[in-house]
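Trainee:
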Amino acid sequence: MQISKTLLRRTLMTFLFAAALLTTVGKISGVEASGIVQWANEKHITIDTEVFSSVKKKTGLMFKSLLSTTNQTLKLSSETAQAKTLEQLDWEQYPKVKVVATGYTAGVESTGKKKSHPAYGITKSGVKVRRDLYSTIAADPSVFPIGSILYIPGYGYGVVADTGSAIKSHKIDLYYKTVEDVYEKWGKQNLHVYVIKMGDGSISEKELTALNEQKSMQVFREQMFQPPEDT
3 MQISKTLLRR
13 TLMTFLFAAA
23 LLTTVGKISG
33 VEASGIVQWA
43 NEKHITIDTE
53 VFSSVKKKTG
63 LMFKSLLSTT
73 NQTLKLSSET
83 AQAKTLEQLD
93 WEQYPKVKVV
103 ATGYTAGVES
113 TGKKKSHPAY
123 GITKSGVKVR
133 RDLYSTIAAD
143 PSVFPIGSIL
153 YIPGYGYGVV
163 ADTGSAIKSH
173 KIDLYYKTVE
183 DVYEKWGKQN
193 LHVYVIKMGD
203 GSISEKELTA
213 LNEQKSMQVF
223 REQMFQPPED
233 T
């Protein structure tokens, strides 16, 4: 008899957990979770209502967080699919920070390293520099930790992968392949950048490659890197 009651109690608590989650969006089979608690009391099965309320609250928050994340992902995917240029996306949904942005290369003029140097083109994070849909940039890790993803108007997405002795506070350095590109395409600018994600202190080649190979982003590749038209 005692075993039967124990099994019934465990089964009921499992059901209550599911009910607590589902009551955040409505009723389950027409019976509210509060009604289940009342029924249990009538059957002389003790249910700790405080525990139930705690479970309900926690599962409700989990459900809301899941919905928020899903909706944000769907929104960004939808916007990406509809946009013809990166500038047409709704960047105002992200926090923005005012910075001074300059350009750099992997060469002697920026890093003091020649191509023969074993660490040529290797960032502080260990990944290789790249100018891509998601390019490597340098920043002060106390402001933008390594792994942070920024959107820089006029440049594109930048992933913080490097640091620099002159890159302090709200100053960032954008990677370009040549010195000519630095001067002709960027120079030095004061502007607002949008923080897509704050990093956790690391970024890997695999993660960087995955970002650049996202199918939804390929529509922008030709736009960003198409050769200039002959005049």
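For the sequence shown, my numbering assigns the number 3 to the initial residue and increments by one for each residue that follows. We put the CB at the ideal spot given by N, CA and C, even for glycine. For clarity, every value in this text was computed on a predicted model and none was experimentally measured.
1) Note the first and the last residue of the continuous beta strand (DSSP E) segment covering L176.
2) In three-state terms, what does DSSP make of S112?
3) Shortest alpha-carbon distance to L135 belongs to which of K115, G166, I151?
4) In whole angstroms, give me the CA-to-CA distance for L68 and G114.
5) Per DSSP, which one or two residues make a beta bridge with Q95?
6) Would you tell me roughly how many angstroms separate the C-alpha atoms of F227 and K170, rounded to the nearest one?
7) Say whether the segment 183 to 193 touches the segment 100 to 119, bearing in mind that this needs 3 or more beta-carbon pairs closer than 8 Å, one atom from each stretch.
8) Name the one or two DSSP bridge partners that L152 has.
9) Count Cβ pairs between the segment 158 to 166 and the segment 127 to 141 that sit closer than 8 Å; are there 3 or more?
10) Are there 16 or more other CB atoms within 10 angstroms of the CB of T71, so buried, or fewer, so exposed?
Mentor: In terms of the structure at hand:
1) Taking the sequence shown and counting its residues from 1, the one referred to as residue 176 is at position 174. Element bounds for L176: 173 to 177.
2) Sequence index remark: in the sequence shown, residue 112 carries index 110 (1-based). Note: S112 maps to helix in three-state DSSP.
3) Locating residue 135 in the sequence shown gives position 133, counting from the first residue. Here the closest residue by C-alpha is I151.
4) Here residue 68 refers to the residue found at position 66 when the sequence shown is read from its first residue. Here residue 114 refers to the residue found at position 112 when the sequence shown is read from its first residue. Unreliable placement is indicated for L68, whose pLDDT of 49 sits below 50; the coordinate value is still reported in the next sentence. Computed Cα separation, rounded: 47 Å.
5) Here residue 95 is taken as the residue at index 93 of the sequence shown, counted from 1. Looking at the DSSP assignment, Q95 forms no beta bridge with any residue, so it has no partner.
6) Taking the first residue of the sequence shown as 1, we reach residue 227 at position 225. Taking the first residue of the sequence shown as 1, we reach residue 170 at position 168. F227 and K170: Cα-Cα distance of roughly 30 Å.
7) yes
8) On the sequence shown, position 150 is the one that residue 152 refers to. Bridge partners of L152: G160, V197.
9) yes
10) The count along the sequence shown starts at 1 and reaches residue 71 at position 69. Reliability of the predicted coordinates at T71 is poor, the pLDDT of 43 falling under 50, and no value is obtained from them.
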